[in-house]
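Here the structure is laid out as C-alpha cells; the discussion comes afterwards.
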Amino acid sequence: MMKNKTIRTTIGLITLLLLSEGCSKNFLDRMPTDKLDGNTLFANPMGVKVYMANLYGQLPIEDFKFYDRGWSYVEWMAPSVLTQAFLTDEAVHSQWDVVLNNGGNSWWDPGYKLVRDVNLLIDIIPTLGFTETEEKRMLGESAFIRAFAYYGLAKRYGGVPLIRESQVYDGDVEKLKVPRSTEQETWDFVLSECDIAIANLPDTWLGGERRATKWAAYALKSRAALHAASIAKHWSRSPLSGPAADQGLVGVPATEANRYYEACIDASAAIMESGMFGLFKPNPANPQEAAENYRVLFEYPNAAGNEPIFIKGFARTGVDGHNYDVWYNPNQTANGWGYPGRLNPSLEFVDLYESYASPGHSAPIVTTEDGNVNDYNGYRKDRAYLRFENPYDIFKDKDARLWGTVILPGTEWKGENIIIQGGYVQPDGEAQIEIDNAITVDGTTYYSYGAPDWTQYSGFNPANIQMTRSGFSYKKMLSSQPVTPADRQSITDWMEFRYAEILLNYAEAVAESGFTANNAQVTAEQAINALRQRAGHTVDIPLTIESVIRERRVELAFENKRFWDLIRRREFHTLLNNTPRRALVPLLDLRTSPATYIFVRKTVSRTITRTFNPRHYYVSIPGIGANGLVQNPQY
Amino acid sequence: MTKKAIKLNMIWMMVSLIAFMSCELDNYDMPNASLFGSIVDAETGELLEQDIINGTQIEYIELGFDDPATQYLVVKNEGTFRNNLVFAGTYTVRPVRGNFFPIDKQEIQVTGNTQIDFQVQPYIRVKNVSIAKAGDKVIATFNLEQTGPNNVRKIGLYAHPEAAVGEPLRKVAVEKVLNEPTDPNTTFSLEIDLPSHPALAPGHPYFFRVGALYDASEAKLNYAKAVRLAL
Numbered sequence: 001m002m003k004n005k006t007i008r009t010t011i012g013l014i015t016l017l018l019l020s021e022g023c024s025k026n027f028l029d030r031m032p033t034d035k036l037d038g039n040t041l042f043a044n045p046m047g048v049k050v051y052m053a054n055l056y057g058q059l060p061i062e063d064f065k066f067y068d069r070g071w072s073y074v075e076w077m078a079p080s081v082l083t084q085a086f087l088t089d090e091a092v093h094s095q096w097d098v099v100l101n102n103g104g105n106s107w108w109d110p111g112y113k114l115v116r117d118v119n120l121l122i123d124i125i126p127t128l129g130f131t132e133t134e135e136k137r138m139l140g141e142s143a144f145i146r147a148f149a150y151y152g153l154a155k156r157y158g159g160v161p162l163i164r165e166s167q168v169y170d171g172d173v174e175k176l177k178v179p180r181s182t183e184q185e186t187w188d189f190v191l192s193e194c195d196i197a198i199a200n201l202p203d204t205w206l207g208g209e210r211r212a213t214k215w216a217a218y219a220l221k222s223r224a225a226l227h228a229a230s231i232a233k234h235w236s237r238s239p240l241s242g243p244a245a246d247q248g249l250v251g252v253p254a255t256e257a258n259r260y261y262e263a264c265i266d267a268s269a270a271i272m273e274s275g276m277f278g279l280f281k282p283n284p285a286n287p288q289e290a291a292e293n294y295r296v297l298f299e300y301p302n303a304a305g306n307e308p309i310f311i312k313g314f315a316r317t318g319v320d321g322h323n324y325d326v327w328y329n330p331n332q333t334a335n336g337w338g339y340p341g342r343l344n345p346s347l348e349f350v351d352l353y354e355s356y357a358s359p360g361h362s363a364p365i366v367t368t369e370d371g372n373v374n375d376y377n378g379y380r381k382d383r384a385y386l387r388f389e390n391p392y393d394i395f396k397d398k399d400a401r402l403w404g405t406v407i408l409p410g411t412e413w414k415g416e417n418i419i420i421q422g423g424y425v426q427p428d429g430e431a432q433i434e435i436d437n438a439i440t441v442d443g444t445t446y447y448s449y450g451a452p453d454w455t456q457y458s459g460f461n462p463a464n465i466q467m468t469r470s471g472f473s474y475k476k477m478l479s480s481q482p483v484t485p486a487d488r489q490s491i492t493d494w495m496e497f498r499y500a501e502i503l504l505n506y507a508e509a510v511a512e513s514g515f516t517a518n519n520a521q522v523t524a525e526q527a528i529n530a531l532r533q534r535a536g537h538t539v540d541i542p543l544t545i546e547s548v549i550r551e552r553r554v555e556l557a558f559e560n561k562r563f564w565d566l567i568r569r570r571e572f573h574t575l576l577n578n579t580p581r582r583a584l585v586p587l588l589d590l591r592t593s594p595a596t597y598i599f600v601r602k603t604v605s606r607t608i609t610r611t612f613n614p615r616h617y618y619v620s621i622p623g624i625g626a627n628g629l630v631q632n633p634q635y
Numbered sequence: 636m637t638k639k640a641i642k643l644n645m646i647w648m649m650v651s652l653i654a655f656m657s658c659e660l661d662n663y664d665m666p667n668a669s670l671f672g673s674i675v676d677a678e679t680g681e682l683l684e685q686d687i688i689n690g691t692q693i694e695y696i697e698l699g700f701d702d703p704a705t706q707y708l709v710v711k712n713e714g715t716f717r718n719n720l721v722f723a724g725t726y727t728v729r730p731v732r733g734n735f736f737p738i739d740k741q742e743i744q745v746t747g748n749t750q751i752d753f754q755v756q757p758y759i760r761v762k763n764v765s766i767a768k769a770g771d772k773v774i775a776t777f778n779l780e781q782t783g784p785n786n787v788r789k790i791g792l793y794a795h796p797e798a799a800v801g802e803p804l805r806k807v808a809v810e811k812v813l814n815e816p817t818d819p820n821t822t823f824s825l826e827i828d829l830p831s832h833p834a835l836a837p838g839h840p841y842f843f844r845v846g847a848l849y850d851a852s853e854a855k856l857n858y859a860k861a862v863r864l865a866l
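Same order as they appear, the protein sequences are chains E and B.
Under the working numbering, the letters of the first sequence match residues 1 to 635, in that order.
Under the working numbering, the letters of the second sequence match residues 636 to 866, in that order.
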C-alpha cells in the first residue's frame with residue numbers, strides 16, 4: 001500500500017511539473033472562471049440585486065442562528081446549539097453553564113466588512129444608470145443596511161469609527177485609520193441613516209419581497225433610539241471610568257436622554273399611526289385561544305396578518321436552515337434525533353407572568369400553604385405543600401403567553417403528553433428526587449421520572465442531558481410538525497421587527513421620559529393593554545415602568561431582546577450578582593391516595609451562580625495594537 | 636494507542652528534538668524588582684479592607700514606551716498588594732475603582748523592593764462591629780461613619796467558608812437596601828436565620844463579614860474585618 005502511494009505521488013508531482021512547463025507567462029493574471037470582478041458584477045442590474053441580497057444576508061439580525069460566538073459567520077458548531085436566552089434569566093441549558101466569554105460578544109470584523117460592502121455600493125449607485133425611482137430605493141436600502149450595521153456595532157462597542165465612504169488604499173496605511181467617534185455621535189449617525197432610509201424607501205415592495213421598507217426603517221430607528229436613550233438615562237447605574245469614558249467613546253450624557261426617547265416615540269408613533277400594522281388576532285375568545293394564537297404567530301409569521309414589519313426568511317433545508325427544532329424540542333418529541341431538550345425556561349422566567357386573578361403583578365408559582373416563594377432549599381418532609389391532581393393545574397390562570405411559550409409539565413405537545421417529573425414522595429414521607437428509582441404501592445409501580453423508560457419522559461434524570469433540569473421545556477417558535485432528525489432542517493421564518501415591539505418601545509419611552517404631548521400617556525397605556533388583551537386579559541392596568549418591562553419580557557421572550565434590554569438599561573450587574581438559577585420540580589406524592597402532585601422550588605442541579613462584570617456592558621475592541629483605537633474600559 | 640500511532644509519535648518526538656535543539660528558552664532578563672504596599676485610611680492609619688474578586692485594583696503603567704499597556708494588580712482582602720515580578724523602571728501608579736475617594740496617580744521609581752502605601756479617605760468606616768451567634772441566628776450589629784454626603788446604597792452581612800469572604804464571594808448574603816445618608820449613631824443590625832440557609836452547615840466554621848456600599852461612581856463596598864464563627 002505504502003509503496004503504491006509513494007509511486008502515485010511521485011507520478012503526480014512529475015505530471016504537475018510537466019504541465020506547468022506549458023503555462024503561458026501571464027499565468028498569474030488570468031481571471032478565475034467561477035468568480036466575477038466588481039465591474040462585471042455592477043454592470044448588470046441582476047448583479048446589483050445579487051450583491052444587495054448578500055448585504056441583507058450580512059445584517060446583524062439576531063435570529064435562530066445567532067449566538068455570541070456563533071453567528072452564521074463562524075459556525076464552530078452546528079447552528080442554534082446555543083442561544084442568547086442562556087446568557088439571561090430566561091433559560092438554563094440542560095447540560096452547560098453558559099456564560100459570556102471574556103471580552104463579550106464580538107461583531108467587529110463582520111460589522112466593518114458589511115460597512116465596507118455597503119459603502120462600495122453607495123459609491124457606485126449613481127453610475128449604474130438606474131431610473132430615478134430605482135436609484136432612490138437603492139439609496140434607501142443602502143442607508144437602512146448601513147444604519148443596521150452601525151446599530152450592531154454601537155450597541156456592542158459604544159462609539160466606533162464612522163466610515164462614511166469607501167476607503168481607498170494608496171500604500172499609506174495610516175490614512176485608513178479613523179479614530180472612534182463618541183457614542184453619542186455614533187447613535188446620531190444611526191438615526192440619521194434611518195432618516196435617509198425612511199425618506200427613500202417605499203411602503204411595500206410590489207413583488208412582496210422581504211426587503212427593507214419605510215416601516216422597517218422606522219422600526220429600526222425606534223429600537224436604536226430607545227437603546228441610546230436608555231444608556232443616557234441609566235448610565236449612572238453602572239458608570240465606567242478610563243480614557244474611553246473620559247472621551248465620551250462610551251456613555252451618552254444624561255441630558256440627551258429625552259431627545260432620544262422622543263426620537264423613539266416619534267418613530268414608533270409613525271408606525272402606529274400608519275394604519276398599516278396591527279396585532280395578530282387581537283381579541284381572543286378565551287385564554288386557550290390566546291395561547292394558540294400566540295404560538296402560531298411565531299410558527300407561521302408570514303400568515304400573521306399585519307403584525308410582522310420585517311421578516312428574515314429561512315428557505316433551504318439542510319443548507320441554511322436552523323436547528324431550533326432539533327436542539328430544543330422536549331426529549332419525547334425528538335423523533336429519533338439524538339440531542340433534544342437543551343433549552344429549559346427557568347422558574348424565575350415562569351414566575352414573571354401575571355395571573356388573570358391578580359392583574360398588574362407577577363404571580364410567582366406558590367407551592368406551599370405558607371406561600372413562601374423565596375425558599376429554594378428543596379423538599380422538606382414537614383412542610384405543607386399544595387396538592388394538585390394534574391401537574392399543570394398549578395399554572396391555572398397564568399397568562400396565556402406562558403402556555404404558548406413554554407411546555408408545562410403534563411401538557412400535550414405534538415400529540416404527546418410531555419411528562420416532566422423530578423421524583424416521588426414515599427408513603428413514609430421520604431422523597432426520591434433526581435434519583436432513578438421505582439416503588440410499588442398498593443400493587444401499582446411508580447417511577448421517579450413518571451415513566452419506566454427514558455424515551456417516555458422529558459425531565460430531570462441527571463444521567464441524561466436531553467432532560468430539562470428546570471422543570472420546563474421550550475415551545476415558542478418551534479414547528480408543530482414532526483422533527484426531521486438531521487442538521488439544519490428548520491425553516492421557520494424569523495420576525496426581526498413586529499408591531500408588538502413597536503408598542504413596547506413606545507410605552508417604555510413614554511414611561512421613562514414622562515412625555516405627555518399628543519396624549520402619549522394614554523396611548524402608551526392603551527398599547528400595553530392591547531398586548532395584554534391579545535393574551536386573554538380583560539382588566540386593564542395603569543402605565544408604570546414596571547408594568548412595561550414585565551410586559552416586554554413576557555411578550556418578547558426568547559426573541560433575543562432580553563440580553564440587550566439588560567445591557568441598555570444597565571440591569572445586568574444587579575440581576576446577576578452571585579445569582580443562582582431556579583427550577584420547579586414536580587413530585588408525585590404517594591402519601592395520598594390517589595397520588596397527588598406537589599412542587600418544590602429549588603436551585604437548578606449542577607449549576608453555578610453567575611455574576612455580571614460591569615465591563616461587559618461594552619465589548620472589547622479587537623486589534624488595538626494595529627488600529628490604534630482607544631480600548632473600552634477595563635480591558 | 637495502536638502500534639502505528641506510537642511509531643508516528645516517536646518519529647514526531649525525534650523530529651522535534653532535532654528541530655528545537657538549537658533553541659534557548661529566551662534571552663531576555665527576568666523581571667528584577669518587586670512592587671508592594673497597602674491602602675491605608677489616612678485618618679486612622681488602618682489598612683482598608685478590600686475584595687479580591689472585582690475589588691479595588693492598582694493600575695500601573697511603565698513610562699518610556701510609545702503606547703504603554705496598562706497593567707493591573709489585585710488587592711488582598713486586608714488591604715495589601717504585592718507583585719514580585721516587576722521590571723525596574725519609572726511607573727505611574729494609582730489605585731482605581733476602589734472603596735475610597737479617588738486619588739491622583741503618582742510617579743514612582745521601582746528598583747529592588749519598592750513599597751508604596753496609598754493614603755486614602757474611605758467612603759465609609761464600618762465601626763463597632765459585633766458578629767455573634769445567638770440561638771438559631773447569626774446577628775451582626777455595627778455603626779457606619781460615612782465621610783461624604785452621598786447615600787449609602789446598601790449594607791450586607793456575608794458568609795463563606797473562606798476568609799476572603801465578601802459581597803462577591805459568599806455562600807449566604809443578607810442585604811438591606813438603604814439609599815439614604817446614614818447617621819454615625821445609628822446601630823444597624825443584620826441577621827442570618829440559620830435553619831433557612833442550609834448552605835451554612837451546623838458544626839462547621841464560617842467567616843462572616845459586614846460591608847456597606849457608598850453611592851459613588853464605580854464604588855466598591857467598605858468592610859470590617861471578617862470574623863470566624865463555629866456554628
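Quick reminder that beta carbons are idealized off the backbone N, C-alpha and C, glycines included.
The structure displayed is predicted, hence computed values, not measured ones.
- Note: E/Gln167 is not bridge-paired with any residue in the DSSP secondary-structure output.
- Each residue's CA atom was taken as its position, placing E/Thr186 and E/Cys194 some 13 angstroms apart.
- Separation of B/Ala847 and B/Phe753 (C-alpha to C-alpha, rounded to the nearest whole angstrom) is 21 angstroms.
- Cα atoms of B/Val710 and B/Phe736: separation of roughly 16 angstroms, rounded to the nearest angstrom.
- When Cβ-Cβ separations below 8 angstroms define contact, E/Ser241 makes contact with chain B.
- Positions of the beta strand (DSSP E) runs, each at least 3 residues long and wholly inside the region 813 to 866 of chain B, are given as 822 to 828, 840 to 849, 856 to 858 and 862 to 865 in order along the chain.
- Around the beta carbon of E/His361, a 10 Å sphere encloses fewer than 16 other beta carbons of the protein chains shown; the residue is thus reported as exposed.
- If you look at E/Gly152, you'll find it in the alpha helix (DSSP H) that goes Glu132 to Tyr157.
- Within chain E, the residues Asn577, Asn578 and Thr611 have their CB atoms less than 9 angstroms from the CB of B/Pro803, given in chain order.
- Chain E places a beta carbon closer than 8 angstroms to that of B/Ser831, counting this residue as a contact.
- Counted as a single uninterrupted DSSP element, the alpha helix (DSSP H) harbouring E/Thr186 occupies residues Glu183 to Asn200.
- With respect to chain E, the C-beta atom of B/Glu815 has no partner C-beta closer than 8 angstroms.
- Closest in alpha carbon position to E/Asn119, among E/Arg146, E/Asp109, E/Asp487 and E/Lys398, is E/Arg146.
- Annotation: B/Asn644 has no Cβ neighbours in chain E at a cutoff of 8 angstroms; minimum Cβ distance is about 18 angstroms.
- Cβ proximity to chain B below 7 angstroms picks out Asp375 and Asn377 from the region 367 to 393 of chain E.
- Close to chain E, meaning a Cβ-Cβ distance shorter than 7 angstroms, are the following residues of the region 680 to 692 of chain B: Asn689.
- Counting C-beta pairs closer than 8 angstroms gives fewer than three between the region 535 to 548 of chain E and the region 563 to 574 of chain E, which falls short of the contact rule.
- The region 723 to 730 of chain B makes no contact with the region 799 to 817 of chain B, as fewer than three CB pairs between them are under 8 angstroms.
- In this chain, the beta strand (DSSP E) harbouring E/Lys312 covers Pro308 to Lys312.
- For E/Lys49, the enclosing alpha helix (DSSP H) starts and ends at Pro45 to Gln58.
- With a threshold of 8 angstroms between beta carbons, B/Glu853 makes contact with chain E.
- One Cα belongs to B/Gln685, the other to B/Lys772, and the distance between them is close to 26 angstroms.
- Residues Ile696 and Glu697 of the same chain have their beta carbon placed closer than 8 angstroms to that of B/Pro703, with the five preceding and five following residues left out of the count.
- Listed as beta-bridge partners of E/Thr445 by DSSP are E/Thr440.
- For E/Arg569, there is no enclosing beta strand (DSSP E), as DSSP gives it neither H nor E.
- Cα atoms of E/Glu256 and E/Ala232: separation of roughly 6 angstroms, rounded to the nearest angstrom.
- In this structure, E/Phe130 is the residue among E/Asn613, E/Asp589, E/Phe130 and E/Thr455 with its C-alpha nearest to the C-alpha of E/Pro45.
- Under the three-state reduction of DSSP output, E/Asp89 falls in the coil class, being neither helix nor strand.
- Only residues of its own chain outside the window of five on either side were considered, and among them Val350, Tyr353 and Phe395 have a CB closer than 7 angstroms to the CB of E/Leu402, listed in chain order.
- Minimum Cα-Cα distance from E/Tyr597 among the listed residues E/Val585, E/Ser479 and E/Asp540 corresponds to E/Val585.
- The Cβ neighbour count for E/Glu307, taken over all protein chains shown within 10 Å, is at least 16; the residue is labelled buried.
- Counting along the chain, the unbroken alpha helix (DSSP H) around E/Met272 starts and ends at Ala257 to Glu273.
- Beta-bridge annotation (DSSP): B/Val809 is paired with B/Leu792.
- Between the region 361 to 371 of chain E and the region 507 to 515 of chain E, the count of C-beta pairs closer than 8 angstroms stays below three; the two stretches do not touch.
- The three-state secondary structure of E/Pro452, taken from DSSP, is coil.
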